[in-house]
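First comes the structure, then the notes that go with it.
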Amino acid sequence: MENDNRLKLSRREMIIGTTAAISAIAATKLTSIEAGESNKIALADVSFVVNGKKQHLALDTRTTLLDALREHLKLNGTKKGCDHGQCGACTVMVNGRRINSCLSLALQHEDDNIVTIEGLGSPDKLHAMQAAFIKHDAYQCGYCTPGQICSAVAVINEINSGIPSHVSTNLNQSPILNNDEIGERMSGNICRCGAYSNIVEAITEVASKAVKKAR
Amino acid sequence: MKFDKPAGKNAIDQLKVVGKPIDRIDGPLKTTGRATYAYEHQIAETKPAYGYIVGAGIAKGRIEAIHQTAAKSLPGVIGVITASNAGPLKTGRFYADRLLAGPDVDHYHQAIAIVVAESFEQARAGAALLRVDYVKSKGSFDLKKAGASATILNPGRPSTAATAEVSSFEDGFKSAPFKLDEIYTTPDQSHAMMEPHATIAKWDGEKLTCWCSIQQINWGVRDLANILGIDPKNIRLISAFIGGGFGGKGTVLSDIVAASLAARLTGRTVKITLQRTLMFNNTIHRPATIQRLRIGADADGTITSIGHESLSGNIPRGFAEYTTTSTRTLYAGKNRMTQLKLALLNLPEGAAMRAPGEASGMMALEIAMDEMAAKLKMDPVEFRIKNDTQVHPENPKRTFSTRLLVECLQTGAKKFKWESRSKQPRGKEEGDWLLGMGVASAVRGAPIMKCAARVRLSNKGIVTVETDMTDIGTGSYTIIAQTAAEMMGIEINKVVVKLGDSSLPESPGSAGQWGAASSTSGVYAACVKLREKVEQMFGFEPGTAEFSDGKVSVKNKKYSLSKAADSGELISEDEMTYGELSREFAQDTFGAHFVEVAVNKYSCEIRVRRMLAVCHAGRILNPKTARSQVIGAMTMGVGAALMEELVVDTNVGFFVNHDLAGYEVPVHADIPHQDVILLEDLDPTMSPMKAKGIGELGLVGVAAAIANAVYNATGVRIREYPISLHKILESSYNLEENN
Numbered sequence: 001m002e003n004d005n006r007l008k009l010s011r012r013e014m015i016i017g018t019t020a021a022i023s024a025i026a027a028t029k030l031t032s033i034e035a036g037e038s039n040k041i042a043l044a045d046v047s048f049v050v051n052g053k054k055q056h057l058a059l060d061t062r063t064t065l066l067d068a069l070r071e072h073l074k075l076n077g078t079k080k081g082c083d084h085g086q087c088g089a090c091t092v093m094v095n096g097r098r099i100n101s102c103l104s105l106a107l108q109h110e111d112d113n114i115v116t117i118e119g120l121g122s123p124d125k126l127h128a129m130q131a132a133f134i135k136h137d138a139y140q141c142g143y144c145t146p147g148q149i150c151s152a153v154a155v156i157n158e159i160n161s162g163i164p165s166h167v168s169t170n171l172n173q174s175p176i177l178n179n180d181e182i183g184e185r186m187s188g189n190i191c192r193c194g195a196y197s198n199i200v201e202a203i204t205e206v207a208s209k210a211v212k213k214a215r
Numbered sequence: 001m002k003f004d005k006p007a008g009k010n011a012i013d014q015l016k017v018v019g020k021p022i023d024r025i026d027g028p029l030k031t032t033g034r035a036t037y038a039y040e041h042q043i044a045e046t047k048p049a050y051g052y053i054v055g056a057g058i059a060k061g062r063i064e065a066i067h068q069t070a071a072k073s074l075p076g077v078i079g080v081i082t083a084s085n086a087g088p089l090k091t092g093r094f095y096a097d098r099l100l101a102g103p104d105v106d107h108y109h110q111a112i113a114i115v116v117a118e119s120f121e122q123a124r125a126g127a128a129l130l131r132v133d134y135v136k137s138k139g140s141f142d143l144k145k146a147g148a149s150a151t152i153l154n155p156g157r158p159s160t161a162a163t164a165e166v167s168s169f170e171d172g173f174k175s176a177p178f179k180l181d182e183i184y185t186t187p188d189q190s191h192a193m194m195e196p197h198a199t200i201a202k203w204d205g206e207k208l209t210c211w212c213s214i215q216q217i218n219w220g221v222r223d224l225a226n227i228l229g230i231d232p233k234n235i236r237l238i239s240a241f242i243g244g245g246f247g248g249k250g251t252v253l254s255d256i257v258a259a260s261l262a263a264r265l266t267g268r269t270v271k272i273t274l275q276r277t278l279m280f281n282n283t284i285h286r287p288a289t290i291q292r293l294r295i296g297a298d299a300d301g302t303i304t305s306i307g308h309e310s311l312s313g314n315i316p317r318g319f320a321e322y323t324t325t326s327t328r329t330l331y332a333g334k335n336r337m338t339q340l341k342l343a344l345l346n347l348p349e350g351a352a353m354r355a356p357g358e359a360s361g362m363m364a365l366e367i368a369m370d371e372m373a374a375k376l377k378m379d380p381v382e383f384r385i386k387n388d389t390q391v392h393p394e395n396p397k398r399t400f401s402t403r404l405l406v407e408c409l410q411t412g413a414k415k416f417k418w419e420s421r422s423k424q425p426r427g428k429e430e431g432d433w434l435l436g437m438g439v440a441s442a443v444r445g446a447p448i449m450k451c452a453a454r455v456r457l458s459n460k461g462i463v464t465v466e467t468d469m470t471d472i473g474t475g476s477y478t479i480i481a482q483t484a485a486e487m488m489g490i491e492i493n494k495v496v497v498k499l500g501d502s503s504l505p506e507s508p509g510s511a512g513q514w515g516a517a518s519s520t521s522g523v524y525a526a527c528v529k530l531r532e533k534v535e536q537m538f539g540f541e542p543g544t545a546e547f548s549d550g551k552v553s554v555k556n557k558k559y560s561l562s563k564a565a566d567s568g569e570l571i572s573e574d575e576m577t578y579g580e581l582s583r584e585f586a587q588d589t590f591g592a593h594f595v596e597v598a599v600n601k602y603s604c605e606i607r608v609r610r611m612l613a614v615c616h617a618g619r620i621l622n623p624k625t626a627r628s629q630v631i632g633a634m635t636m637g638v639g640a641a642l643m644e645e646l647v648v649d650t651n652v653g654f655f656v657n658h659d660l661a662g663y664e665v666p667v668h669a670d671i672p673h674q675d676v677i678l679l680e681d682l683d684p685t686m687s688p689m690k691a692k693g694i695g696e697l698g699l700v701g702v703a704a705a706i707a708n709a710v711y712n713a714t715g716v717r718i719r720e721y722p723i724s725l726h727k728i729l730e731s732s733y734n735l736e737e738n739n
């Protein structure tokens, strides 16, 4: 894999107490609680754009893009459902294409342009897909929803760009926007509450409006 | 307020807000990523430490030693918590499992240690460096084998589903001209909700606050207090948003205990989420069952005897899966027998998952009904209608409060074009595909529980509702807002709802499909009190004013509602409690599921083509969110029918497929457009809301309807769930050769 990140591995001291403060109310003896001998860890710098805003982070090299968003940038809209690329709850768009943010390290994204659910819209200014999800009740617990919405927005772009899927009948023609195509392309996003039927309706509504606009 | 006689006309019956398909009020937060779930809370002025749970690598035995030196010397690692420094721990009062193992290990992936570090990455790396010495012992992991020494529950736990006999089942069955006697099995299943169990724990002196993901806040406080040995008054639980539960987050599990212990021992605020791969074996699941159904009938299709025996397994003190509940209420039949057996297993704990008992029981009963209809050469819809009963089959003096099972079946059959179904199995083809239709009845109890709420009226005319009820995706926020808006005569956007905080009035939480009916009734009671306070402010006799369009009026005297709070916020609190109506009447919800499947002639791949549910569940408070509950349940039913199975390794003693790649749940491509019909119904015996739950009803029967559709398509009867294609391929009925 090519990696053009210029990692500046600095050994920054994290200001961490070497002994853990121990709560006075603890019921038991705490002699076995000890801090690690060294709190020095290697951090690497990375810069990328998230929702239009340039971000500079110094991260533990093991940090995934998902954890960089959630734990470091406090953008908790992107969800951790499995941390293994099995559920799709962490879907974000990187340079216009959707990925599972749990499956890539933050340091792989130097200079990338990242859009999360927070960047699509806000409660006061909903993206068309967010509004359609509300209208069609295309969610229940809401935990997979940011990933579903990011995927849905990307799926419409993929179909409009002529990218075929497993169910496309003809690779030489542009894929048609229908339930089979939507169902196939959205199948990386699990919704255990089972809102699929409503999600497809929400996506279809937004997609058909997009097509009308294009015409 | 005590509800002890059937409800008459009340303010809810105006139906200006209640009963309308209103968009969820939490929709803008959820769809924009602004709804805050447990792990995501930012705790002011604290930098949290991260905990990582280590699960046991054996199913049964003892921990000799946990070598921690390497882990502790890692940068950022703050400490390691194990049973040896955790202090004494008890168990909760619902789940039987010990939530931190050591020295004994009771099941695979039971938590044995928590590594706490400054970052998630450091905690995870530390956890990977723990070395554990175990002494394994033999365990019981095979339900079928363990069944030989199973205990018959009498009366059992819960007692309502214990062994029961009416008339003489054996004699009745023996003399019946048409008989069915078959064994059905259902596998272990996992809730697999999208948000993993997660907690942020923070101690302030003796006070413990946990931002967590728990469906029943009151049970959570009770159980955490019991486990840690502290005063429940010192615990505050906050679960404002819950990323799915389905019973899998009923009360305290290992994440909250681990976070609380870690926070106590390190003096830090600690956040922990159960990693997905631990969830399946560390927490609870719907236990596997082996069920025997016997049905005897006369030639005209009258059931004369019905017997249902069921075996499940669990850890010591765990529940039996009470699969026979539905069999006791659904169909008529003079001679009846149900029996539950419980075997000892050393697998993870089996406990409630969406429609516990009924979901697995109906997976068996409703195939049996289909098989019996075939033996009788009767239409399966007609056979069910023939055996409907309007009184409880075990106690004819007890009538159902409302029961429209027949209407559900008839309405569904018409809408689904049931008459186009081939009467003969394997009678319909389309290219490479065999088509079939299946039906099943649905029944689920309609419990209702005591619930308290507080309502506040501000001088801006805003009504704020407070209760520790949770919204696990069910729509609680919205239906509670609708209830308050209706009661106070205001628009829904004038209502603020605060949920999921144990410092608020106590609710029974989200479980057993009692949440909607119970919590809105609690809000109703509090609103009745608030209305009286408002009337008092305006000098009206209590109970005389009309609350409408933001105004309060008696005859030609009319005031703005907000004016009542001019000299200060008005606050009322009350709870709804219940009398004997639930004993007097059998209170249940009913439905019918219709499914069409296509089965590939060559690969035996099964595709669900059409699904319809007809439900009758009291007043529907919000048809939009109620419908979503039902389609979600239907989706889970597709999983149960076709793919969901925790595979038991009976040598090692664990669920092998413990992640979302191995434990398959339905995805978009598996689910067709789903139709739901909600029959009009009011049940005045339930509460002033006249409503019942619907979230579990939608699941009960779905899997059997699919199994029956597969039979109708192929002629192959599969009695072992899930109906994976290899079972059809391997069956004696070779689809092609018989063509």
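Protein sequences, first through last, are from chains B and Z. Under our numbering, the first sequence has 198 at position 198, and the numbering climbs by one with no breaks. Under our numbering, the second sequence has 732 at position 732, and the numbering climbs by one with no breaks. We put the CB at the ideal spot given by N, CA and C, even for glycine. No experiment lies behind these values; they were computed from the predicted model shown.
Is the shortest distance between the beta-carbon of residue i and the beta-carbons of chain B less than 8 Å?
i                 : result
Ile-303 (chain Z) : no
Phe-120 (chain Z) : yes
Arg-157 (chain Z) : For Arg-157 (chain Z), the predicted model reports a pLDDT of 40, less than 50, meaning its position is unreliable and no value from the coordinates is stated.
Glu-696 (chain Z) : no
Val-665 (chain Z) : yes
Arg-24 (chain Z)  : yes
Grab me the residues of residue i's own chain with a C-beta within less than 6 Å of its C-beta, minus the 5 sequence neighbours each way, in chain order.
i                 : result
Ala-565 (chain Z) : Leu-457, Ser-458, Asn-459
Ile-284 (chain Z) : Glu-349, Ala-351
Leu-561 (chain Z) : Gly-461, Gly-550, Val-552
Lys-375 (chain Z) : Phe-178
Is residue i close to chain Z, meaning its C-beta is less than 8 Å from at least one C-beta of that chain?
i                 : result
Lys-53 (chain B)  : no
Ile-108 (chain B) : The amino acid occupying residue 108 (chain B) in the given sequence is Gln; Ile does not appear at that position. No, Gln-108 (chain B) does not count as interfacial toward chain Z.
Arg-97 (chain B)  : no
Met-186 (chain B) : yes
Gly-81 (chain B)  : yes
Glu-190 (chain B) : Note that residue 190 (chain B) corresponds to Ile in the displayed sequence, not to Glu. Judged by the 8 Å Cβ criterion, Ile-190 (chain B) is in contact with chain Z.
Ala-89 (chain B)  : yes
Compare the beta carbon distance of residue i and residue j with 8 Å and say whether it is the shorter of the two.
i                 : j                 : result
Arg-185 (chain B) : Val-153 (chain B) : no
Ser-305 (chain Z) : Thr-324 (chain Z) : no
Lys-692 (chain Z) : Thr-589 (chain Z) : yes
Ser-567 (chain Z) : Lys-529 (chain Z) : no
Ile-472 (chain Z) : Gln-215 (chain Z) : yes
Ala-89 (chain B)  : Gly-162 (chain B) : no
Lys-271 (chain Z) : Ala-259 (chain Z) : yes
Val-50 (chain B)  : Leu-73 (chain B)  : yes
Thr-289 (chain Z) : His-308 (chain Z) : no
From what residue to what residue does the beta strand (DSSP E) around residue i run?
i                 : result
Cys-451 (chain Z) : 451-457
Gln-629 (chain Z) : Premise fails: Gln-629 (chain Z) lies in the alpha helix (DSSP H), 623-642, not in any beta strand (DSSP E).
Cys-150 (chain B) : No beta strand (DSSP E) holds Cys-150 (chain B); the alpha helix (DSSP H) holding it covers 145-160.
So residue i contacts chain C; which residues on that side make the cut at Cβ distance below 8 Å?
i                 : result
Ala-633 (chain Z) : No chain C appears in this structure, whose protein chains are B and Z.
If I measure Cβ to Cβ from residue i and keep anything under 8 Å in the same chain, skipping five residues before and after, which residues do I get?
i                 : result
Glu-546 (chain Z) : Gly-489, Val-552, Ser-553, Val-554
Ala-570 (chain Z) : Here residue 570 (chain Z) turns out to be Leu, not Ala, going by the sequence shown. For Leu-570 (chain Z), where only same-chain residues beyond five positions count, the Cβ hits under 8 Å are Arg-456, Leu-457, Leu-530, Lys-533, Val-534, Met-537, Ala-564.
For the alpha helix (DSSP H) containing residue i, name the first residue and the last one.
i                 : result
Asp-549 (chain Z) : Run containing Asp-549 (chain Z): none; DSSP gives neither H nor E here.
Asn-556 (chain Z) : Where Asn-556 (chain Z) is concerned, there is no enclosing alpha helix (DSSP H), given that its DSSP letter is neither H nor E.
What residues in its chain sit with their C-beta under 7 Å from that of residue i, if we drop five residues either side in the sequence?
i                 : result
Lys-30 (chain Z)  : none
Ala-526 (chain Z) : Ala-453, Arg-454, Val-455, Ser-572, Glu-573, Asp-574
Any chance the stretch 199-217 of chain Z sits against the stretch 352-365 of chain Z, with 3 or more Cβ pairs inside 8 Å?
no
Can you confirm whether the stretch 607-619 of chain Z touches the stretch 480-494 of chain Z when touching is taken to mean that 3 or more C-beta pairs between the two stretches lie within less than 8 Å?
no
Does the structure place the stretch 498-510 of chain Z close enough to the stretch 439-452 of chain Z that three or more beta carbon pairs sit under 8 Å?
yes
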